[in-house]
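Take a look at the structure below.
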Amino acid sequence: MMYRIALIFALSFFSLFAGAQSSSAPTGLAPFVELNREAFLMALYVPGGAGSAQEALSHQGSRALELKFTQKRMTAGKLSRLFLQSIAINAHPQTQRASADSLAQFFNALKGSLHQSDVLIISEKTDASGVFIYLNGHTLADIEDRQFFNLLLVAWIGAVPPNTVFKAALLGDYPAEDLARLRAITPTAERRTAVATWLQQAESAAPLETQGEAAQTQERVVSEKPVEKSGTANTAAAVEAPVEEPAPSDPASAPVATAQRLPAQAEPVLKPEVITKAEPAEASPAQVAGVNSLPIAPEPEEDLPNFSVQSLTALQDYTSRLVQLTHQHIEYPRRAMKLKQTGSVRMGVVINRQGEVVDMQLLLASEYKQLNQAVERAIEDAAPYPPLLESIGAESFEFIFPITFMLDR
Numbered sequence: 001m002m003y004r005i006a007l008i009f010a011l012s013f014f015s016l017f018a019g020a021q022s023s024s025a026p027t028g029l030a031p032f033v034e035l036n037r038e039a040f041l042m043a044l045y046v047p048g049g050a051g052s053a054q055e056a057l058s059h060q061g062s063r064a065l066e067l068k069f070t071q072k073r074m075t076a077g078k079l080s081r082l083f084l085q086s087i088a089i090n091a092h093p094q095t096q097r098a099s100a101d102s103l104a105q106f107f108n109a110l111k112g113s114l115h116q117s118d119v120l121i122i123s124e125k126t127d128a129s130g131v132f133i134y135l136n137g138h139t140l141a142d143i144e145d146r147q148f149f150n151l152l153l154v155a156w157i158g159a160v161p162p163n164t165v166f167k168a169a170l171l172g173d174y175p176a177e178d179l180a181r182l183r184a185i186t187p188t189a190e191r192r193t194a195v196a197t198w199l200q201q202a203e204s205a206a207p208l209e210t211q212g213e214a215a216q217t218q219e220r221v222v223s224e225k226p227v228e229k230s231g232t233a234n235t236a237a238a239v240e241a242p243v244e245e246p247a248p249s250d251p252a253s254a255p256v257a258t259a260q261r262l263p264a265q266a267e268p269v270l271k272p273e274v275i276t277k278a279e280p281a282e283a284s285p286a287q288v289a290g291v292n293s294l295p296i297a298p299e300p301e302e303d304l305p306n307f308s309v310q311s312l313t314a315l316q317d318y319t320s321r322l323v324q325l326t327h328q329h330i331e332y333p334r335r336a337m338k339l340k341q342t343g344s345v346r347m348g349v350v351i352n353r354q355g356e357v358v359d360m361q362l363l364l365a366s367e368y369k370q371l372n373q374a375v376e377r378a379i380e381d382a383a384p385y386p387p388l389l390e391s392i393g394a395e396s397f398e399f400i401f402p403i404t405f406m407l408d409r
């Protein structure tokens, strides 16, 4: 009963959050598109704004990433792989390993697929000590990790973003119509209830002592405070420089995409409000009746993340190696350089257990055929790749190779 009453309060406060959100504008927002299909709108909130990736990564505290899903359905496994692929490409391996537990906690908190109109928010704490993960107004995770928000952010605005247009839009260069679309997307009552069911079942499945502790905790929901408003082709052509920190002691290591903490502490952009659970007597019969429709057993989900720190770290290292091996075979076509052709390419590559390429799919094509073909040749030349890890139980594995061809100015 107490859970149901807390849920009523949570949903009412989420409505307040949505209203506050409609009156403010993000620092930037961009649609994520694969295979000519939009999956979600991503919005970035940085107090005071950010004119560059360096500024966005340097600010500490009260930032947020918001994903509003426009695709009919995306599995939790697919979303986790999107993050992992981009993190593996843009973040230093040591940084990834240091936050492996946080990544596992984030991904494993997703107990079902994401559906159209779902709203996922990654909200950095005001003191930058970690993040809250919210889905449709419910708290999925409270992660204590000072580097975690930057690790997730650099995946999208690092040296190798989904594409240069996406990165520019996420840093502020976005059309007004996208803002209107962002504000129009709110989770349905059915989807809020579905997420509440995840949490209810997780609580029921927990050990008795854990349940006792959970019963004494507070429900958190999201409210918003308004704010004011690449890649590589390592040849004679230059590439977009990554956001770097001072080089590590190991000269063979790649730079780490992290940031220095600013002395001033800004107000949060998406700030979690603390709601104390009410006593059962305070709920009206109508309120309780509205929650009694919670489904007892949702439809079984496939492709759910189930990471341990060890398996996640091994998968990150393996994915990074595949991307690095492919990059070693990239050659900027001479004719494309002469014609000053530039662009971004994202290629999905499927390999079997022996590391042989069994399929390639152009997820994002450049407007120039020569650049697309250069990526295909690099993948063919890099194959066969290292065999699949024993921890990967499937007979095949897909990784994404992204690159942006750019010329010296």
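Under the numbering used here, the first residue of the sequence shown carries the number 1, and numbering increases by one thereafter. For every residue, glycine included, the Cβ atom is placed at its ideal position computed from N, Cα and C. Small disclaimer: the values here were computed from a predicted structure and weren't measured.
For residue i, three-class secondary structure by DSSP
| i | result |
| --- | --- |
| F32 | strand |
| M337 | helix |
| S311 | helix |
| D127 | coil |
| Y174 | coil |
| I122 | strand |
| H115 | strand |
| Y332 | coil |
| N352 | strand |
| A91 | coil |
| Q370 | helix |
| R346 | strand |
| T326 | helix |
| V154 | helix |
| L140 | strand |
| E398 | strand |
| I403 | strand |
| V195 | helix |
| L362 | strand |
| Y385 | coil |
| L304 | coil |
| L110 | coil |
| I453 | Missing from the structure shown is residue 453; the chain here goes from 1 to 409 and no further. |
| V357 | strand |
| P317 | According to the sequence provided, residue 317 is Asp. The question's Pro does not apply to it. DSSP places D317 in helix when its eight states are reduced to three. |
| D408 | coil |
| T164 | helix |
Assigned exposure category for residue i - 16 Cβ within 10 Å defines buried
| i | result |
| --- | --- |
| R81 | buried |
| E367 | exposed |
| Q361 | exposed |
| N306 | exposed |
| D118 | buried |
| S99 | buried |
| P384 | exposed |
| P175 | exposed |
| V358 | exposed |
| L170 | buried |
| S123 | buried |
| Q51 | Looking at the sequence shown, residue 51 is not Gln but Gly. With fewer than 16 other Cβ atoms within 10 Å, it is exposed. |
| K369 | exposed |
| S204 | exposed |
| R63 | buried |
| R191 | buried |
| Q328 | exposed |
| S320 | buried |
| A128 | buried |
| Q96 | buried |
| A56 | buried |
| R37 | exposed |
Candidates the options: closest to residue i by CA position
| i | options | result |
| --- | --- | --- |
| K410 | D381, Y134, S117, A98 | Residue 410 is absent from the structure shown; the chain starts at 1 and stops at 409. |
| L67 | T342, L407, P187 | P187 |
| A194 | M360, N136, D127 | N136 |
| K72 | Q94, A39, Q316 | A39 |
| N90 | L35, S123, N163, H138 | N163 |
| S102 | T197, H329, D142, Q370 | D142 |
| S344 | A314, P161, T139, T70 | P161 |
| L84 | F107, T404, R346, Q373 | F107 |
| G28 | I121, L44, R63 | L44 |
| N150 | V46, S308, T75 | V46 |
| E34 | M406, L371, L364 | L364 |
| L120 | D127, Q105, A189, T139 | T139 |
| D145 | A155, F132, V154 | F132 |
| L312 | R377, S58, A88 | A88 |
| E378 | L325, S396, V350 | Note that residue 378 corresponds to Ala in the displayed sequence, not to Glu. Nearest of L325, S396, V350 to A378, Cα basis: L325. |
| I403 | A104, N372, D381 | N372 |
| I157 | Q60, S86, Q94, A336 | S86 |
| P93 | A314, R335, F399 | A314 |
Legend entry - contact_flag[the region 381–388, the region 352–360] where n(CB pairs < 8 Å) is 3 or more: Below 8 Å, enough C-beta pairs join the region 381–388 and the region 352–360 to call them touching: three or more.
Legend entry - Three-pair Cβ contact test at 8 Å for the region 108–122 versus the region 333–343: Contact fails: fewer than three Cβ-Cβ distances are below 8 Å.
Inset, instruction - Could you pull out every unbroken alpha helix (DSSP H) segment of at least 4 residues lying fully inside the region 26–76, listed in chain order? - result: You should have 53–58.
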